[in-house]
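Working notes for the structure below.
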Amino acid sequence: MQEKIMTMKNKRAAIYARFSSDRQNDKSCRDQIDLASMWAQHNGFEIVNSYQDAAISGASTHNRPALAKLMRDAELGKFDTVICEALDRLSRDQADLAQIRKTLAFHNVTIHTVQDGEVGTIHIGIKGLMGELYLADLAQKTKRGLQAVVNDGRQAGGKSYGYDSIGGGELVINEKQAVVIERIFNEYSHNKTPREIARDLNADNIPSPRGGKWNASTINGSRQRQNGILQNHLYIGKTVWNRQRFIKDPSTGKRVSRANPPEEWVYHDAPDLRIIEDELWHAVTNLKTSKSQSQYKRARKPKHVFSGMIKCGCCGASYTIFTTDRLMCAGNRERGDCDNKRTITRQHIEKRVLSALHAHLAEPELIVEYVKAYQDERRRLQKSERGDFQKKKKQINSLTIEIDRGVDLLLKGLAPDSLALKIKQMEVEKKHLEEELAQQQQRIEPVIIHPAAAEKYKNIVASLQSHMENIEEGLSRDDIFREVRKMVDKIVITPTPGNVGIEVHGQLAALLNIQDDPICMGSMVAGAGFEPTTFGL
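Below is the structure:
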């Protein structure tokens with residue numbers, strides 16, 4: 001135990017405890033709290049609360065509700081110090097640890113540990129570095145352990161579809177699922193597409209690997225990561241390890257996968273796990289390779305003017321190529337969970353939409369209506385923003401005065417070191433307010449329609465209409481496509497008796513020659529007539 005800390009009065013203390021797994025019983029939260037309580041009583045602290053995060057890693061401060069509550073309570077002044085068994089209970093990340101101490105110091109809260117007493121800058125640097133080295137060493141040991149499992153012929157990763165786990169990294173074939181796998185390989189080898197296979201599996205009520213609906217990507221997988229049913233080497237009795245690694249996103253604390261280079265992948269034979277014979281495997285692999293090459297060639301061709309913009313009005317899925325020029329709802333084709341079976345030709349959509357765009361752009365009174373609706377909405381928002389605008393200006397002036405006073409005190413040596421941190425925070429707050437003020441100022445400025453904008457877009461649409469079938473490839477074609485696509489967000493196809501309904505959702509921003517205005521980005525559902533951003537055909 002440390003020697004008793006001498007204080008003028010008993011300080012209020014909060015205890016924080018954390019352990020990272022259920023196996024860490026010797027340093028469980030209860031043990032840590034008991035140890036910290038004894039230390040606090042010995043050193044004259046009054047315990048006012050305790051916080052504990054159970055079975056949570058110290059590699060990140062994200063997803064730790066107790067730590068988040070402790071930081072909020074520190075801001076509210078509910079205690080004067082935080083006590084924990086050791087600094088690595090707060091965090092093993094050096095940057096996170098420094099930020100925790102900096103934030104607590106800003107709220108006049110100190111940190112004490114049973115191991116080291118009051119924590120200073122040197123403790124943060126040394127202990128934080130030790131924590132990061134511990135995590136790096138642990139990661140290496142874990143990887144070596146998994147490598148040993150693979151070398152022993154066992155499975156180091158998760159359970160694949162078609163197998164049951166019997167513990168210790170051992171798998172056995174699930175005969176019922178193996179039949180489904182053989183069916184998928186056989187059907188694909190006979191030129192059935194993954195979409196068709198998924199549709200039929202769903203129709204037969206066969207659950208997917210995750211228990212839900214099958215889709216094409218579950219069967220196809222990623223060519224880069226070599227996953228999916230058709231690329232799983234385990235089905236030919238080979239385990240593949242180290243295809244990917246995981247790193248934590250510092251902004252969220254969540255693990256993100258990254259593909260490893262193929263030369264780092266580790267293969268091992270597992271003949272007892274074979275489901276697919278080599279002949280069928282190679283037939284499927286060769287077929288996939290030839291299809292991907294032809295798809296790559298097709299992908300290099302220029303897109304159609306509304307590619308990727310056509311949506312189903314029943315389920316929201318994309319309308320995709322069904323035959324050479326005919327489009328159909330992907331929700332119906334791939335998953336079979338949408339009742340919209342109506343197909344439509346690409347040329348029919350292009351003709352109707354382009355004709356309507358050209359007609360509407362040719363009517364000046366409609367352009368005036370666009371601008372009027374836009375300006376009315378802007379005026380409504382401006383009225384509510386003006387009061388906020390003046391309030392922000394006053395806040396900026398007050399912060400400027402406080403910052404200047406603080407700097408003077410620091411230069412004269414009359415202020416504590418913590419004032420420097422407070423000044424920095426005030427400068428950040430001031431900068432944010434100034435940015436918000438500048439954005440509001442832009443919104444208050446009047447916006448008028450660009451004189452040539454409507455005529456420009458009318459000519460572009462007319463050019464595209466007249467040359468739709470024979471337009472030359474190259475920059476001029478790409479430019480025309482790009483300009484037309486600026487005016488259209490999406491085209492919604494809805495089946496109607498004897499026909500299909502087409503609704504165009506567009507942007508007013510293209511006509512006004514402005515960007516990133518939320519008023520222009522929304523869509524208004526078409527009613528009796530042609531409204532500012534949406535119209536039905």
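Taken in order, the sequence shown gives residues 1 to 537; the numbers are from UniProt numbering.
For every residue, glycine included, the Cβ atom is placed at its ideal position computed from N, Cα and C.
Taken through DSSP and simplified to helix, strand or coil, S217 comes out as helix.
Beta-bridge annotation (DSSP): V284 is not paired with any residue. According to the DSSP secondary-structure assignment, G406 is paired through a beta bridge with no residue. Here the alpha carbons of K311 and H304 stand approximately 15 Å from one another.
R89 is the residue among N108, M309 and R89 whose C-alpha sits nearest the C-alpha of Y16.
I47 is positioned such that its CB atom lies closer than 7 Å to that of A40.
Look at M328 here: in three-state DSSP terms it is strand.
Contact check for M309 against V504 fails: the beta carbons are separated by 7 Å or more. Between K392 and L433, the CB-CB gap stays under 7 Å.
Here R333 is near R195, since their CB atoms are less than 7 Å apart. Taking the Cα of I349 as reference, the smallest distance to any Cα among N499, F45, N43 and A415 is reached at N499. Taking each of I275, I83 and L76 in turn and checking the Cα distance to T239, the smallest one comes out for I275. In this structure, DSSP gives Q231 a helical state, which the three-state scheme calls helix. In the structure shown, R183 falls within a helical segment according to DSSP collapsed to helix, strand and coil. Straight through space, the alpha carbons of D80 and C314 are spaced by roughly 59 Å. The three-state reading of DSSP puts W39 in helix, counting H, G and I together. An exposed status is given to G167, since fewer than 16 other beta-carbon atoms sit within 10 Å of its beta-carbon. For E85, the secondary structure class from DSSP, reduced to helix, strand or coil, is coil.
Between the alpha carbons of A420 and G406 lies a distance of about 8 Å. Straight-line measurement puts the Cα of P416 at about 24 Å from the Cα of I83. Look at A420 here: in three-state DSSP terms it is helix. In the three-state DSSP reduction, D269 falls in the strand class (E or B). In this chain, the alpha helix (DSSP H) harbouring K69 covers P65 to E75.
Beta-carbon to beta-carbon, A14 and Y51 are separated by about 7 Å, close enough to satisfy the 8 Å threshold. Taking the CA atoms as reference points, L67 sits about 26 Å from I423. Straight through space, the alpha carbons of N108 and E75 are spaced by roughly 9 Å. Separation of Q347 and A317 (C-alpha to C-alpha, rounded to the nearest whole angstrom) is 20 Å. According to DSSP, residue pairing for I47 in a beta bridge involves A13. Secondary structure of V500 (DSSP, three-state): strand. G77 and T110 have their C-alpha atoms roughly 12 Å apart. Between P495 and R335, the C-beta spacing is not below 7 Å. Our two residues, F306 and K192, have alpha carbons roughly 28 Å apart in a direct line. Its chain contains K430 as the residues whose beta carbon lies nearer than 8 Å to that of T400, once the 5 sequence neighbours on both sides are disregarded; these appear in chain order. The straight-line gap separating the alpha-carbon atoms of A36 and V114 is approximately 6 Å. For secondary structure counted as the alpha helix (DSSP H) over 4 or more consecutive residues, the segment 84-123 holds these complete runs in sequence order: 94-106.
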